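Q: Structure in structure tokens, see below.
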Amino acid sequence: MQAFTTLTGLVAALDRVNVDTDQIIPKQYLKTIKRTGLREGLFFDWKKQKDGSPDPNFFLNQPRYQDATILLTRDNFGCGSSREHAPWALLDQGFRCVIAPSFADIFYNNCFQNGILPVVLKAEEVQTLMRDVLATPGYRLTVDLSTQTVTAPGGNTYRFDIDPFRKDCLYRGLDSIGLTLQHEAAITAYEQKRKSDAPWLFADLPS
């Protein structure tokens with residue numbers, strides 16, 4: 001998993017509340033277990049008009065938001081089903097950080113497992129940023145995980161809280177598998193001892 005330390009990036013504004021995972025990535029894109037190629041399905045039902053052509057008013061279809069790496073949105077982002085494809089699709093689009101006043105719990109947890117930093121700011125702070133992003137093409141923010149701050153172009157800084165364990169894992173690029181592999185030597189030693197102590201348990205297993 002890619003580590004997250006400091007990110008300075010273009011901000012895209014999705015000015016909606018209660019964005020659910022069915023909208024982030026619809027069901028027809030859940031057949032794959034690959035984490036790439038999902039940007040095509042990101043917000044699929046919202047980014048097209050009834051005739052199938054791109055909706056020019058949808059935020060990701062606007063040239064100003066191309067290459068954005070920070071998504072700014074509203075309350076309860078990522079609600080609905082627990083599909084991990086939602087953060088995969090956001091990551092495939094290029095988003096490394098999502099800022100909102102609140103997130104659905106499962107989506108929030110899935111972000112950390114996939115190298116995305118979900119930042120919770122106060123509603124009034126998000127409102128200020130939303131206003132500035134919508135009014136300023138090319139608006140960029142700096143998100144610093146070590147200092148737990150979001151810094152705006154004018155110098156205003158917004159502090160966010162994060163669980164220390166999750167912060168450390170994201171800072172070092174460790175998901176659950178990465179954490180487990182840190183103990184690979186101890187796991188191997190245990191398996192070898194177990195085979196020696198109870199060889200009959202391993203008799204039918206391939207060597």
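Our numbering numbers the first residue of the sequence shown as 1 and each following residue consecutively. Even for Gly, the Cβ is constructed at its ideal location relative to N, Cα and C. No experiment lies behind these values; they were computed from the predicted model shown.
Counting only runs that start and end within the segment 56 to 108, where is the beta strand (DSSP E) found for 3 or more residues in a row?
A: Listed in chain order, the complete beta strand (DSSP E) runs (minimum 3 residues) inside the segment 56 to 108 are 70 to 72 and 97 to 100.
Q: Taking the alpha carbon of D168 as the reference point, which residue from G154, Q148, H183 and G155 has its own alpha carbon closest?
A: The shortest Cα separation from D168 among G154, Q148, H183 and G155 belongs to Q148.
Q: Hey, how far is the Cα of L60 from the Cα of P54?
A: Cα to Cα, L60 sits roughly 10 angstroms from P54.
Q: Identify every residue that forms a DSSP beta bridge with R159.
A: According to DSSP, R159 bridges with T149.
Q: Need the endpoints of the beta strand (DSSP E) that D168 sits in, please.
A: Per DSSP, D168 belongs to no beta strand (DSSP E); it is in the alpha helix (DSSP H), P164 to R172.
Q: How about the segment 101 to 115 and the segment 39 to 56: do they share at least three Cβ pairs that are nearer than 8 angstroms?
A: No, because fewer than three Cβ pairs between the segment 101 to 115 and the segment 39 to 56 fall closer than 8 angstroms, the two stretches do not touch.
Q: When burial is assigned at 16 or more other CB atoms within 10 Å of the CB, is H183 buried or exposed?
A: H183 should be labelled exposed.
Q: Tell me, please, which residues DSSP counts as bridged to G9.
A: In DSSP, G9 forms a bridge with L141.
Q: Identify the continuous beta strand (DSSP E) that holds L117 and give its terminal residues.
A: L117 to V120 is the span of the beta strand (DSSP E), which, as asked, contains L117.
Q: I'd like to check one pair, D92 with R140: are the Cβ atoms closer than 8 angstroms?
A: Result no, Cβ atoms of R140 and D92 do not sit closer than 8 angstroms.
Q: Bridge partners for D20 per DSSP, in chain order?
A: Looking at the DSSP assignment, D20 forms a beta bridge with C79.
Q: Could you say which of H85, P63 and Y171 lies nearest to T21 if we only look at CA atoms?
A: Among H85, P63 and Y171, the Cα nearest to that of T21 is on H85.
Q: Suppose contacts are defined by Cβ-Cβ distances below 8 angstroms. Is D15 in contact with R74 by that definition?
A: For D15 and R74, yes; Cβs fall inside 8 angstroms.
Q: Which residue marks the beginning of the alpha helix (DSSP H) containing S176, and which one marks its end?
A: Unbroken alpha helix (DSSP H) run through S176: S176 to L181.
Q: Excluding the 5 residues preceding and the 5 following A123 in the sequence, name in chain order all residues of the same chain whose CB lies nearer than 6 angstroms to its CB.
A: Excluding positions up to five away in sequence, the list reads P101.
Q: Ignore the nearest five residues each way along the sequence and tell me which others in R64's own chain have a CB closer than 6 angstroms to its CB.
A: Cβ neighbours of R64 beyond the five flanking positions: P137.
Q: Among residues of its own chain, excluding the 5 on either side of L10, which ones have a beta-carbon nearer than 8 angstroms to its beta-carbon?
A: Y65, D67, A68, T69, I70, G138, Y139 and R140, listed in sequence order.
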